[in-house]
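Each remark here refers to the structure printed beneath this line.
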Amino acid sequence: MNEWLDPLLLSRWQFGLTTMYHFIFVPLTIGMALTVAIFQSAWVRTDKAKYLQLTHFFGKIFLINVAMGVVTGIVQEFQFGMNWSDYSRFVGDVFGAPLAFEGIVAFFLEATFIGLWIFGWDKLPKKIHLGTIWMTVVGSIASAYFILAANAFMQNPIAYTINEEKGRAELTSIWELLTNPIAIAAFPHTIFACFMVSAGLIISVAAWHLYRNQHLETMRPALKFGLWMMVIAGVLTTLAGDQLGLAMVDAQPMKMAAAEALYHTATGANASFSVFTLGTPDGVHELFSVRIPYLLSFLSTHTFDGTVEGINNLQAQYVTLYGPGDYTPTIWITYWAFRWMIGLGLAHMLVAVVGLWLTRGGRSPKRTWVWKVAILSFPMSLLAMSVGWVFTEMGRQPWLVFGLMRTADGISPGVTGVEILISLIVFSVLYGILAVVEFKLILKAVQKGPDDAPVQDAESGAHQHAVTVY
Amino acid sequence: MDLTILWFWIIAFMFIGYFVLDGFDFGVGMSLPFLGKDDTDRRVLINTIGPVWDLNETWVIVAGASLFAAFPEWYATMFSGFYLPLLLILVALILRGVSFEYRHQRPESSWKKWFDGLIIVGSAVPAFLWGVAFANIVRGVKLNANHDYIGTLFDLLNPYALLGGITTLLLFFVHGVVFVSLKTEGDIRLRARKLATKAGIVAILAAATFLTWTTLAYGTVASALLAALAAALLIASFLANLRGAERLAFALMAGTIGLVVLTLFSSLFPEVMPASNNPANSLTIANASSSTYTLGVISWTALIAMPVILLYQGWTYWVFRKRIGRAHVDLAVH
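Chains as they are written, first to last, in my numbering: chain A, 462 to 931; chain B, 740 to 1073.
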């Protein structure tokens, strides 16, 4: 068969592409919903016009993303059946439950209340309207939990038994499934990272306006808010990431070894973390590297004399356990994705801390490059999020469900390479065009800046709200 | 009660929810060229579903996830077997969804025309293809022993399935137009009523043929009764619309669509995807379902959550119960 029509390769590209694309809108929905809810709460509490302006302004950016989040989400769910039918058959009994929970418990909530929020400005009492955005926040965060619990099963399959007769995994405890240690650690890590992304957006937007010396009244508090949100979410993401690392070493030691390109088992000072390696990180052709001794030992075990298992050792173990085969992920991808994720994450927090210092007491930095760095916050935070997912999903390979099912065994036997090539091209073109439109619309909304403070009715003292319609 | 039977009907309920709700969204979308004489009209039309299309569309996500959880084999066979039709549905839903959001972002009429076109096509394609898909399931498709679909794309485009597609398209169209008459005021409301009458005649003919065919070829006593009831409700809705009883006409249309879905599901029962080439390869509620434990877990969740969901979704419709007219959108700021 023509290697370009390999259904496995094409399905993997399609799933990777559509998932990463979808996950641009997920953090924006989760993070921006919270941001908007906070600004609106501030307005309801203080009645200051600037908070209402900020609510409307960031609300508009939020809304441009919502439709994309919803429609690209349908693709995600359909794809399990369309492209990974044997996977769906094998894990449906286990994996389907959290997905059904997500839909029934969380997604309905999110989708319903967001409609109420968008169109309810002039139809609902102030506080109830505020409640609708908070319900959206709750829905979006709960939704993330169930999806991460489902994903955690792929990383660390638990709470199942194999039914030999039906040839599938069956759920034994829903509670155990939902409290998978990987889910417990990945949830805060992901949610706080989502907050970092929206903090990045706020910083970028506010810095862009402040650099041009406009909308100071609203953008100064927005910048301050964004910087604080970044610092707090950054610290929490890091702490949760550390926990996730420990859980990962437990469940998928190969992933940690692949993150470090550690071929030989190392202990204590030798279990060093390489910040940077020149040459191919395959352990043979290393030309130059900057290493921090003990750090890998600490990251993996929280002790300085811990032992971190190497790739070769694990590969040998897996061959004994699962039979002949290559059980190593693509090392250069995991190695660099891990570094970019951590590096960008730390860089963000640094930018935010420096930003808070430079703007302390209402100061405004004069240097151009300071602002330019701040404006880069958003694209960089998205990149950090994306490489984080690349790391965790590529680090799972060659497994689809770790230790249970190989990626190659999960595809749809009945779907041809040509069909998948068609869908891959369709999604690529469609998503590409929509990305351009989306980007332009967001840019336009951002550059326009917040609207003027809403007019206050002289008699009733109430703010007049524009009626929202399409 | 056997949980597999319960879940067969819960899945039916979820698809009824999806088709009744997103059905009128599709209908409103398809009505743009007929009822939307100018931009203000078209905005009135789109705004009748503005606050609710998103939650209506969520029903398909929940139906899909529930199918995955309750009948993994059914989900896997159906979604991989109908690969290209589902791709088309996805593309249509994506284009339609973003068009609602993008359409009003720029004032140029060329920009708006683009998105109007996408809303029309993006509504018509799923309205047609969902009917084709479900008619094919009832008719039976070629499956191998692993339950993988082994037919071709052209096997899916048989006369019965195409008639099924035309039927759902027309039913959703009428459903949407009746919804417009219920949700708007002024001239457009009257035009919607007239259009519902004209389209209603065509829909009755298509639905009657499709339901008769279904009953004769694949029906049971129960499905025949449901089909007859569906036809009766459709005609009643037609008459109600003629008399200007908009609310009743809409409720009866919703009932019609629900009963058509029930007719199809009860023709299927207890199979979920009959294999036309070899009955031994058919998927049934027994061999396609999840374990009793999993079904139990999701049963509790669904049974506790569904009343709450219906409550807050009902509240949404109540909040946005007012009719929309040209004056509303002309005054409004985006």
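Note that beta-carbon positions come from the ideal geometry of N, C-alpha and C, so glycine has one too.
Tell me whether residue i is buried or exposed, calling it buried when 16 or more other Cβ atoms sit within 10 Å of its Cβ.
i                 : result
Gln616 of chain A : buried
Asn641 of chain A : buried
Ala732 of chain A : buried
Arg932 of chain B : buried
Gly786 of chain A : exposed
Asp741 of chain B : exposed
Ser634 of chain A : exposed
Ile753 of chain A : exposed
Gly939 of chain B : buried
Pro846 of chain B : exposed
Ala869 of chain A : exposed
Arg781 of chain B : buried
Gly557 of chain A : buried
Ile749 of chain B : buried
Against residue i, what residues of chain A qualify as contacts under a CB-to-CB distance less than 8 Å, listed in chain order?
i                  : result
Thr1055 of chain B : Thr573, Gly576, Leu577
Val801 of chain B  : Ala561, Gly564, Ile565, Phe568, Phe569
Asp887 of chain B  : Ser546, Ser873, Pro874, Gly875
For the ligand NAD, is there any heavy atom lying closer than 8 Å to the beta carbon of residue i?
i                 : result
Ile652 of chain A : Questions concerning the ligand NAD fall outside what the structure shown contains, since it holds no ligand whatsoever.
Whole angstroms are fine: how far does the CA of residue j sit from the CA of residue i?
i                  : j                  : result
Ser849 of chain B  : Pro790 of chain B  : 25 Å
Tyr1051 of chain B : Phe888 of chain A  : 34 Å
His725 of chain A  : Ile643 of chain A  : 25 Å
Glu1010 of chain B : Ala603 of chain A  : 35 Å
Ser468 of chain A  : Leu882 of chain A  : Note that residue 468 of chain A corresponds to Pro in the displayed sequence, not to Ser. In a straight line, the C-alpha of Pro468 of chain A is about 8 Å away from that of Leu882 of chain A.
Phe656 of chain A  : Ile491 of chain A  : 7 Å
Ala923 of chain A  : Val898 of chain A  : Because Ala923 of chain A sits at a pLDDT of 49, beneath the cut-off of 50, its placement in the model cannot be relied upon, and the point is left open.
Trp582 of chain A  : His517 of chain A  : 11 Å
Tyr621 of chain A  : Gly871 of chain A  : 18 Å
Asp913 of chain A  : Glu678 of chain A  : 11 Å
Val834 of chain A  : Ile663 of chain A  : 14 Å
Ala808 of chain B  : Ser472 of chain A  : 22 Å
Leu968 of chain B  : Thr995 of chain B  : 8 Å
Asn544 of chain A  : Thr877 of chain A  : 10 Å
Gly849 of chain A  : Gly702 of chain A  : 10 Å
His1073 of chain B : His843 of chain B  : Confidence at His1073 of chain B is low in this model, with a pLDDT of 48, below 50, so the placement of that residue should be treated as unreliable; the coordinate-derived value is given next. His1073 of chain B and His843 of chain B: Cα-Cα distance of roughly 7 Å.
Leu829 of chain B  : Gly729 of chain A  : 52 Å
Val877 of chain B  : Ser1021 of chain B : 12 Å
Ala1044 of chain B : Leu965 of chain B  : 28 Å
Ala947 of chain B  : Ile1063 of chain B : 34 Å
Thr906 of chain B  : Ala961 of chain B  : 21 Å
Thr573 of chain A  : Leu806 of chain B  : 22 Å
Gly915 of chain B  : Val767 of chain B  : 5 Å
Glu924 of chain B  : Ser838 of chain B  : 24 Å
Ala561 of chain A  : Asp777 of chain B  : 42 Å
Met753 of chain B  : Trp669 of chain A  : 46 Å
Please go through the same chain and pick out, in chain order, the residues whose beta-carbon is closer than 6 Å to the beta-carbon of residue i, but skip the five residues on each side of it.
i                  : result
Trp595 of chain A  : Ala498
Glu796 of chain B  : Asp761
Arg928 of chain B  : Ser920
Gly542 of chain A  : Ser549
Trp1057 of chain B : none
So with CB distances below 7 Å, who are the chain A contacts of residue i?
i                 : result
Gly820 of chain B : Gly875
Gly836 of chain B : Ala528, Val531, Val532
Using the DSSP secondary-structure output, state which residues sit across from residue i in a beta bridge.
i                  : result
Ile836 of chain A  : According to DSSP, Ile836 of chain A bridges with nothing at all.
Tyr621 of chain A  : A:Leu632
Ser750 of chain A  : A:Thr738
Trp860 of chain A  : A:Arg867
Met1012 of chain B : B:Leu1022
Would you mind telling me which residues of chain B sit closer than 7 Å to residue i, beta carbon to beta carbon, in chain order?
i                 : result
Asp554 of chain A : Pro811, Ser1029, Ser1030, Thr1033
Phe580 of chain A : Gly789, Pro790, Phe1059
Val898 of chain A : Tyr841
Ala558 of chain A : Ala808, Thr1033, Val1036, Ile1037
Leaving out five residues on either side along the sequence, give the residues of the same chain with a beta carbon under 8 Å from the beta carbon of residue i.
i                  : result
Val536 of chain A  : Thr479, His483, Phe888
Val692 of chain A  : Met810, Ala813, Val814, Leu817
Gln540 of chain A  : Gln475, Phe476, Thr479
Ser921 of chain A  : Bear in mind that the predicted position of Ser921 of chain A carries a pLDDT of just 48, short of 50, making it unreliable; the figure below should be weighed with that in mind. Excluding residues within five positions, none has a Cβ falling inside 8 Å.
Leu705 of chain A  : Ile643, Ala646, Ala647, His650
Thr762 of chain A  : Leu707, Val710, Thr768, Val769
Leu1034 of chain B : Leu742, Thr743, Leu745, Trp746, Ala809, Ser1028
Determine the chain A residues that contact residue i at a beta-carbon separation under 9 Å, and present them in chain order.
i                  : result
Met817 of chain B  : Gly542
Leu1077 of chain B : Any answer about residue 1077 of chain B is impossible in this case: the structure gives chain B only from 740 up to 1073.
Grab me the residues of residue i's own chain with a C-beta within less than 7 Å of its C-beta, minus the 5 sequence neighbours each way, in chain order.
i                 : result
Leu697 of chain A : Pro649, Phe653
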